[in-house]
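First the structure, in the form of structure tokens, and then the observations on it.
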Amino acid sequence: MSKNTIVLKPLSDEDINLFSNWLDKDYIYKWFCPDGDEQRADWLDEVRNVDSKHNHFNHFIVNHNDIKIGYCLYLDLHFEPEYSLENYGKTFDEGYAFEIGFLIGNEEYLNKGFGKMIVNKLEAKIIEIGGKEILADPDEENIASIKTLLSNGFIRIKDGDYRKSI
Ligand SMILES: CC(C)(COP(=O)(O)OP(=O)(O)OC[C@H]1O[C@@H](n2cnc3c(N)ncnc32)[C@H](O)[C@@H]1OP(=O)(O)O)[C@@H](O)C(=O)NCCC(=O)NCCS
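Under the numbering used here, think of the first position of the sequence shown as 2, with each following residue one higher.
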């Protein structure tokens, strides 16, 4: 399928209920909220950007033929120094390294290549803004996510540390 069959549109307030419903699906909750409901609440705060703490997060709804099929984000790791040190062993200059996350919220669209397309589109956005490295921290048991990253050219550095230089 062509990579142009999906469009990433900035997430708006009207998408928040949909995103919240997607988070509740077992196959998503398991990987997005492994620490439980507090983490679920954190995700909602992040997409709502309640106190402007998450200005460096860029959230998107993935559209296919005008149907909302998923969600993704990228964020500048410069603004997450503690997390970067813990997870990636270093901090990053502003505009250099971006972490990504993604999900297919509509089960009918799973396993059809859309996950790969989303990562490809996120990469294009990060290239556009001059980023040099893309990072992801999938759980090692999240085979679908890891395969999605590897088939987009990411390299496993260690458990939960996958990177692609661009
Ligand atoms: C991860 C996710 C986005 C993948 O999306 P998808 O559209 O189903 O994936 P694709 O069809 O593009 O397939 C990508 C690769 O994963 C493999 N794959 C997909 N689903 C799989 C599954 N359930 N088990 C094993 N492999 C799977 C595909 O075979 C493909 O591998 P290949 O390139 O070696 O052929 C989707 O499973 C999802 O939304 N999961 C829940 C949320 C999540 O875990 N997000 C990632 C957090 S880091």
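All C-beta atoms, glycine included, are put in the ideal place defined by N, C-alpha and C.
Those residues which DSSP pairs with residue i across a bridge
{"i": "Glu142", "result": "Its beta-bridge partners do not exist; DSSP assigns none."}
{"i": "Arg164", "result": "Leu136 and Ile156"}
{"i": "Lys251", "result": "Nothing can be reported for residue 251, as the shown portion of the chain is limited to 2 through 167."}
{"i": "Ile7", "result": "His65"}
{"i": "Ala42", "result": "Its beta-bridge partners do not exist; DSSP assigns none."}
{"i": "Phe58", "result": "Leu76"}
Check: residue i C-beta below 7 Å from any heavy atom of ligand 1
{"i": "Trp44", "result": "no"}
{"i": "Gly96", "result": "no"}
{"i": "Ser198", "result": "In the structure as shown, the chain starts at 2 and stops at 167, and residue 198 therefore has no counterpart that could be examined."}
{"i": "Ile130", "result": "no"}
{"i": "Lys122", "result": "no"}
{"i": "Thr149", "result": "yes"}
{"i": "Asn66", "result": "no"}
{"i": "Lys69", "result": "no"}
{"i": "Leu111", "result": "yes"}
{"i": "Asn143", "result": "yes"}
{"i": "Lys117", "result": "yes"}
{"i": "Leu86", "result": "no"}
{"i": "Gly166", "result": "The residue asked about is misnamed: residue 166 is Ser in this sequence, not Gly. It does not: the Cβ of Ser166 is nowhere closer than 7 Å to a heavy atom of ligand 1."}
{"i": "Ile105", "result": "yes"}
{"i": "Gly102", "result": "yes"}
{"i": "Gly161", "result": "no"}
{"i": "Tyr28", "result": "yes"}
Buried versus exposed, by CB contacts within 10 Å (16 or more), residue i
{"i": "Glu124", "result": "buried"}
{"i": "Ile167", "result": "exposed"}
{"i": "Pro139", "result": "buried"}
{"i": "Ala98", "result": "buried"}
{"i": "Val48", "result": "buried"}
{"i": "Asp67", "result": "exposed"}
{"i": "Tyr28", "result": "exposed"}
{"i": "Gly132", "result": "buried"}
{"i": "Leu151", "result": "exposed"}
{"i": "Lys54", "result": "exposed"}
{"i": "Asp52", "result": "exposed"}
Run of the beta strand (DSSP E) containing residue i, from where it starts to where it stops
{"i": "Asp14", "result": "First-last for Asp14: undefined, no H or E at that position."}
{"i": "Leu104", "result": "Ala98 to Ile105"}
Limits of the unbroken alpha helix (DSSP H) element including residue i
{"i": "Val120", "result": "Phe115 to Glu129"}
{"i": "Ser85", "result": "Pro82 to Tyr89"}
{"i": "Tyr30", "result": "Asp27 to Phe33"}
Any non-hydrogen atom of ligand 3 closer than 7 Å to residue i Cβ
{"i": "Pro35", "result": "Because ligand 3 does not appear in the structure shown, any question about it cannot be addressed here, the ligands present being ligand 1."}
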